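In full-length UniProt numbering, the protein residues as written are 1 to 235.
Comments concern the structure below.
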Amino acid sequence: MRARTTTSARERASAAAADIDRQPVSTRRLEGFTDGVFAIAATLLVLDMSTADFGRIASERDLVDALVAIAPSVLNVAISFLLLGLLWSIHVRQFEHIVRVDGALIWLNTLRLLGVVLVPFVTSLNDDFSDYLAGRMALPVVFLAVVVLSAWQWFYASAPGRGFLDDMSEVLVHNSRVNAVTAVAIATAVVALSSLIGSFAFLLFALDPVISQLLRHAGIVRDASPGSEPPAARG
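See below:
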């Protein structure tokens, strides 16, 4: 009898914990944590850069040669910083409309942040081992994973009847979902091209405005009513 009572109590406690996890809560702390993770990841990018490898500098020419030698590393850091900025802008635009979150959304965001904190590491990997396929592919693959998780998070949050968004119109929700899928498609193409041209494949994102216009002309992206808010973030 006592064993049954103990089991029943545990089941009730588990059910209560599950109910609490499903209850929507404010986004305030999640947003603060996410902003902090992005800031730390962006800062970590430069920690591998140092003048320690310059060797002996005895003239202006020596310094210029040393700076030229680290130019590829600077370029990799710049690309990764811009990618982090893009991912952070996705987060910001999503949470302009997401006003409540539940346990599932918190975990989706946490998984996305796991990809974010890996960006400094895969940037170093790309810098040190770009002659190898795995070295060139690491950053694009991590970036694709984060974009996919961002899209998943947005589709989950914007699902009809979930009640996580503000008064965002149906047209804007539709357009933002199209944008999320477009971002995933471009990131997938970047991964494919990275095997050939490395991080330069990220230049494909420059085609995003062109793709958006084509989708608008095709009627896939709908016209929003005047004065409505801009579409939410990709992902």
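Glycine included, C-beta positions come from ideal geometry on N, C-alpha and C.
If you're wondering where the values come from, they're calculated on a predicted model, not measured in any experiment.
Do residue i and residue j have their C-beta atoms closer together than 8 Å?
i, j, result
"V171", "V116", "no"
"P140", "A201", "yes"
"A224", "N175", "yes"
"R136", "F155", "no"
"L75", "F143", "no"
"A187", "V147", "yes"
"A71", "I57", "no"
How would you write the range of the alpha helix (DSSP H) that residue i sits in, first residue to last?
i, result
"D128", "G103 to D128"
"Y156", "L133 to A157"
"P72", "A71 to Q94"
"T34", "R28 to L44"
"I197", "E170 to I197"
"D208", "D208 to H217"
Here's a check: name, in chain order, each residue in its chain whose Cβ is nearer than 6 Å to the Cβ of residue i, leaving out the five neighbours to either side.
i, result
"S199", "I79"
"V99", "D166"
"L193", "A201"
"L125", "G135 and A138"
"F129", "G135"
Please return the same chain residues whose Cβ sits closer than 7 Å to the Cβ of residue i, not counting the five positions on each side in sequence.
i, result
"L203", "none"
"A159", "none"
"R222", "V171, H174 and N175"
Excluding the five sequence neighbours on either side, which residues of its own chain have a C-beta within less than 8 Å of the C-beta of residue i, listed in chain order?
i, result
"A182", "Residue identity differs from the one stated: residue 182 is Thr in this sequence, not Ala. The residues are D208, I211, S212, L215 and R234."
"I220", "V178"
"L45", "V77, S80, F81, L84, V119, P120 and T123"
Please report the Cβ distance between residue i and residue j, rounded to the nearest whole angstrom; I am assuming they are in contact, meaning their Cβ atoms lie under 8 Å.
i, j, result
"L165", "H97", "5 Å"
"L105", "Q153", "7 Å"
"L196", "N109", "At roughly 33 Å, the Cβ-Cβ gap does not stay under 8 Å, so L196 and N109 are not in contact."
"V25", "V101", "6 Å"
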